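Undergrad: Under the numbering used here, the first residue of the sequence shown is numbered 27, with each subsequent residue one higher.
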Amino acid sequence: MLEIFVFSSTFTLALVGLVFHRTHLLSALLCLEAMMLSLFLALSLWAQQLNSTGSSTSPMFLLAFSACEASTGLALLVAATRTHGNDHLQNFNLLKC
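Have a look at this one:
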């Protein structure tokens, strides 16, 4: 029961951070990483409770996906900072190429 509360509160806190602190791209990426970390913890606890070998690889796949997401996000952050001069999300316009 405590694990479910910790997972849900961590995920909710990261989601609230993503919704309310959307001024910089780096803060949005950090909130997304916190959400992925809470999902990793929940999936790890679920795999531990099942005690099967098939479900024990799922957290590692999620962790690998999270690492790829983080590297892509940081690459986008560097590219956006070079072209726009800062990482404010208000300056990014998807209609301009």
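Even for Gly, the Cβ is constructed at its ideal location relative to N, Cα and C. Treat the numbers as computed from the prediction; the structure is a model and nothing was measured.
(1) Of the choices Leu52, Leu44 and Leu71, whose alpha-carbon is the least far from that of Phe31?
(2) Using 8 Å as the cut-off, can you tell me whether the segment 37 to 55 makes contact with the segment 80 to 91, which would need three or more C-beta pairs spanning the two stretches below that distance?
(3) Leaving out five residues before and five after Leu63 in sequence, what residues of the same chain have Cβ atoms less than 6 Å from its Cβ?
(4) Could you work out which residue in Thr49, Leu58 and His50 is closest to Leu41 when comparing CA atoms only?
(5) So, are the CB atoms of Thr46 and Met61 less than 9 Å apart?
TA: If we stick to the structure as given:
(1) Leu71
(2) no
(3) none
(4) Leu58
(5) Contrary to the premise, residue 46 reads as Phe rather than Thr in this sequence. No, the Cβ-Cβ distance between Phe46 and Met61 is not below 9 Å.
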